[in-house]
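To keep things clear, I will list the structure first and then write my remarks on it.
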Amino acid sequence: MRDVRVRFAPSPTGPLHIGGVRTALYNYLFARKMGGKFILRIEDTDQGRFVPGAEQYIIDSLDWCGITFDEGVHVGGPHSPYRQSERKELYHQYADQLVKSGHAYYAFDSTEELDELRKEYESRKQTFQYGPATRLGLRNSLTLPVEKVQEMLDSGVHYVIRIRIPENEVIHVNDLIRGLVSVESSLLDDKVLYKSDGMPTYHLANVVDDYLMEISHVIRGEEWLPSAPLHVLLYRYLGWESVMPQFAHLPLLLKPDGNGKLSKRDGDRLGFPVFPLKWVDPKSGEVSSGYRESGYLPDAFMNMLALLGWHLDSDKELFSMNELVEAFSIDRCSKSGAKFDPEKAKWFNHHYLSAKPIKELASYLKTQIEGKNIEASEEYLEQVCSLVHERVVLIPDLYEQSHFFFHAPETYDEKVVAKVWKTDTPSLLLELIKVLQSIEPFMLVNLESGIKQFVQDKEIGMGQLMNPLRLCVVGTSAGPGMMDMMAVIGRQEIISRINLCIIKLNQ
RNA sequence: GGCCGGUUCGUCUAACGGUUAGGACGUCAGGUUUUCAUCCUGGUAAUAGGGGUUCGAUUCCCCUACCGGCUACCA
403 MRDVRVRFAP
413 SPTGPLHIGG
423 VRTALYNYLF
433 ARKMGGKFIL
443 RIEDTDQGRF
453 VPGAEQYIID
463 SLDWCGITFD
473 EGVHVGGPHS
483 PYRQSERKEL
493 YHQYADQLVK
503 SGHAYYAFDS
513 TEELDELRKE
523 YESRKQTFQY
533 GPATRLGLRN
543 SLTLPVEKVQ
553 EMLDSGVHYV
563 IRIRIPENEV
573 IHVNDLIRGL
583 VSVESSLLDD
593 KVLYKSDGMP
603 TYHLANVVDD
613 YLMEISHVIR
623 GEEWLPSAPL
633 HVLLYRYLGW
643 ESVMPQFAHL
653 PLLLKPDGNG
663 KLSKRDGDRL
673 GFPVFPLKWV
683 DPKSGEVSSG
693 YRESGYLPDA
703 FMNMLALLGW
713 HLDSDKELFS
723 MNELVEAFSI
733 DRCSKSGAKF
743 DPEKAKWFNH
753 HYLSAKPIKE
763 LASYLKTQIE
773 GKNIEASEEY
783 LEQVCSLVHE
793 RVVLIPDLYE
803 QSHFFFHAPE
813 TYDEKVVAKV
823 WKTDTPSLLL
833 ELIKVLQSIE
843 PFMLVNLESG
853 IKQFVQDKEI
863 GMGQLMNPLR
873 LCVVGTSAGP
883 GMMDMMAVIG
893 RQEIISRINL
903 CIIKLNQ
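So the first sequence is numbered by the numbering used here: it starts at 403 and just counts up by one.
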C-alpha cells in the first residue's frame, strides 16, 4: 500500500472559515492516524482574487488550532514550491500534452462573445455549454485551419486551453464517503484548463500538483463533487490513472438557522464567530470576530468541529487532539450537511475551561486585570479562579464573573434592593460587622461557625442575612458562596463595603 | 432549468435487516446551594411521504417531496 500523503489546499482569497478549518482538521487527523504526511499548498491561481494577508492568516489560524504540517509554503519540503503561482511554468507542458494527444484544444472566443452566447441561450430558456454540441460552431483549434491556429498562437492572441470532453461515456468516481458516483460525460462541459493570463485553472493545477506531490487521498468539501469526474478524466488523459488519489468529499457546514452553506455574514448576524482568528479586511476595514479573540480554547474548538460530520459508533464525545487522531477514520464521516450549533460550541468551551488547572486560569485572569490597571498577587488570583472557574464559558467571563473580587460595586441592582433590603437590614448588618470583627483568624471555617451562630442567635434565616450582605459585596444577587468570597476578599474590605452600601442605599 | 449529493428528536448524531430507536447540546421539571451559575436526577422530543423486496425494514430497491451543492478564463 502506498504512503499516505494528503494536502490542505486553500486559496488565499480571504480568511479561512470554520468549514475550511474542519476540512484541514480531517486531513490532518487522517494523515496522523495513517502515519502519513500532511501538506499545505496554496492555490493562488486566481490573481484577481488575491487578498494580502490571507495566506499568513491561514497559517496562523491552523497553527492556533494545533494543526501541524510536514510540508508546505511555510515549512518547505521536497516538492517546493508549495504556492501555485510559483509553479506557474510547470503547468503549460501538461496542457500542451493534452492538446497533442487530442484531449484538449485551443479556444479563442472572448469572454464577451461567450457571455453573449449565454444570454442568448438563456432567453430561449436553454443553458449554453461549451461542449460537444457547440464547440464545432465556436472559434477554436477544432474548427479553424491548422495554419490559422498557428498564426494566431504566434501572434500572441489571447487563448485558453479547454478539455475536450468525450461524448457518451460514463465516468465513475469512487468516493470514500459516498461510494460510486457516476456521471454521463456529455453533461460535463469543455472546462478551461489553462487561462489566457498564463495560469492554470484549479482543475488542471490541482491534478498536476496532486500527481507531482504524490498525494494519495484528496479529502475536500462536497462543493467539489460535481467536478470530480472532470478530474478523473484529467488523470486518465495525462496517463496517471494508476496513481490517481482516492477521493473523499466531506459534507458541508450549514448555517444554524434556515439552510445553506455557512457564510461569513452568518456570524455577525447570529452573534458567533465563523473564523478561527479575528480578521480585518485590508480593503474595507471590516472586522470579523474570531474564536481565539472571543475566548475559545483551541482544544474545545477542535473537539467541537471534529464532531460536525464525524462520529464514533460509541457515545464518546469528548476527545483530545491525540484521541481524535487515534479514533478518526474516513468511513465514519457522515454524508449529510451539518448545521453549526453555537450553543454546543459554548458547551464544549465551558467543559474544557472548567477542567483547566487553576494556575492556567489565573494567568488568563492576570492578563485581563492588567489591561484594567488592577493589581493582585498570583495567590489571590488563584483563589479567585478556584471560586469562579465553573461559572466560566468563555475566557473573558473569568473577569466578568470575578470583578467584585477587585473592587466594590458601583451600583446596586434595583430589583434585588427591592427584594432583599428591608428597613431593619442596616441594623442587622451593623451587628454583623461586630461579629466579623471578632472572628479570629478571618478564615472560612471561622466565618462559617461565627455567622451560623449569629443567625441562630438572631433567630433569622440564613438568606435574610446573606442576601443583603451579597448586595453590599457584589451589587447584585450573583456570584460564588458568600463565606468563600468573604474569606478571599478580607475583613477590612467586606466591612467597608457594608458601610458604603448602607450609606448609599439610605440616601 | 440541468446534473450530482443528501434526508433519524429543534440541533449534532448512534443503531451486523430483529433495540422499549440510544447518547450529547438545547429545552422543561425537580434536587443541591445564602444568590446566580455550575452540578446531579428525571422528563420532552425523531426514522420526510408513498410503493416494493422480506417472516421482519431506520437499515436494501424505486418513485415523489423537500434541502443542499455545482452549473465562470473563481477556488
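For glycine and all other residues, C-beta sits at the position ideal for the given N, C-alpha and C.
It should be emphasised that the depicted structure is a prediction, and the values quoted were computed from it without experimental measurement.
Which two residues bound the contiguous beta strand (DSSP E) that contains Val-594?
For this step, residue 594 is matched to residue 192 along the first sequence. Counting along the chain, the beta strand (DSSP E) containing Val-594 begins and ends at 594-596.
Rounded to whole angstroms, what is the Cα-Cα separation between Arg-526 and Gly-468?
One-based indexing of the first sequence puts residue 526 at position 124. One-based indexing of the first sequence puts residue 468 at position 66. If I take the Cα positions, the gap works out to 53 angstroms.
Could you tell me which of Ser-879, Gly-739 and Ser-731 sits nearest to Lys-435, measuring between CA atoms?
To locate residue 435, count along the first sequence from 1; it is residue 33. Ranking Ser-879, Gly-739 and Ser-731 by Cα distance to Lys-435 puts Ser-731 first.
Rounded to a whole number of angstroms, what is the C-alpha to C-alpha distance between Val-876 and Pro-811?
Counted from its first residue, the first sequence places residue 876 at position 474. Counted from its first residue, the first sequence places residue 811 at position 409. Between Val-876 and Pro-811, the C-alpha separation is close to 6 angstroms.
Pro-547 to Ile-567, Cα distance in whole Å?
The residue you call residue 547 lines up with position 145 of the first sequence. The residue you call residue 567 lines up with position 165 of the first sequence. Using only the alpha carbons, I get a separation of about 21 angstroms.
Give the range of the alpha helix (DSSP H) segment to which Ile-732 is assigned.
Taking the first sequence and counting its residues from 1, the one referred to as residue 732 is at position 330. Unbroken run through Ile-732: none, as it is neither H nor E.
Considering only the beta carbon of each residue, do Leu-654 and Ala-740 sit closer than 9 angstroms?
Within the first sequence, the letter at position 252 stands for residue 654. Within the first sequence, the letter at position 338 stands for residue 740. Contact flag set, yes.
Alpha carbon to alpha carbon, how far is Leu-555 from Ala-509?
Here residue 555 refers to the residue found at position 153 when the first sequence is read from its first residue. Here residue 509 refers to the residue found at position 107 when the first sequence is read from its first residue. Their backbone Cα atoms lie some 10 angstroms apart in a straight line.
Once you ignore the five residues that flank Arg-407 on each side, which residues in its own chain have a CB closer than 6 angstroms to its CB?
Here residue 407 refers to the residue found at position 5 of the first sequence. Same-chain partners within the cutoff: Gly-438, Lys-439, Glu-616, Ile-617 and Ser-618.
Using a Cβ-Cβ cut-off of 6 angstroms (strictly less than) and excluding sequence neighbours within five positions of Ser-690, which residues of its own chain qualify?
In the first sequence, the residue the question calls residue 690 occupies position 288. These residues qualify, in order along the chain: Phe-677 and Trp-681.
What does the alpha-carbon distance come out to for the pair Gln-486 and Ala-708?
Here residue 486 refers to the residue found at position 84 of the first sequence. Here residue 708 refers to the residue found at position 306 of the first sequence. Whole-angstrom Cα-Cα distance: 29 angstroms.
Distance check for Leu-418 and Ala-456, CA to CA, integer angstroms please.
Counted from its first residue, the first sequence places residue 456 at position 54. Counted from its first residue, the first sequence places residue 418 at position 16. For Ala-456 and Leu-418, the distance between alpha carbons rounds to 8 angstroms.
DSSP state of Arg-404, grouped into three classes?
Walking along the first sequence from the start, residue 404 turns up at place 2. The answer is coil: DSSP assigns Arg-404 none of H, G, I, E or B.
Can you tell me whether DSSP reads Ile-461 as helix, strand or coil?
Here residue 461 corresponds to residue number 59 of the first sequence, with the count starting at 1. Three-state DSSP puts Ile-461 in a helix.
By the three-class DSSP mapping on this structure, what secondary structure does Ile-771 have?
Counting from one through the first sequence, the residue named residue 771 turns up at place 369. Helix, per DSSP.
Relative to the C-alpha of Leu-652, which candidate in Leu-578, Gln-770, Arg-694 and Lys-817 has its C-alpha closest?
In the first sequence, counting from the first residue as 1, residue 652 sits at position 250. Selected option, being the one with the closest Cα: Leu-578.
Classify Met-994: buried if its beta carbon has 16 or more other beta carbons within 10 angstroms, exposed otherwise.
Given that the chain is displayed from residue 403 to residue 909, the structure contains no residue 994 and the question cannot be resolved.
Would the stretch 799-816 count as touching the stretch 766-781 if we require 3 or more Cβ pairs under 8 angstroms?
The stretch 799-816 vs the stretch 766-781: in contact.
Where in the stretch 795-875 do unbroken runs of the alpha helix (DSSP H), each at least 4 residues long, occur, reported from the N-terminal end onward?
List check, alpha helix (DSSP H) in window: 799-802, 816-822, 827-840 and 846-860.
With DSSP as the reference, please indicate the residues paired to Gly-474 in a beta bridge.
Here residue 474 refers to the residue found at position 72 when the first sequence is read from its first residue. Answer is Leu-442 and Gly-478.
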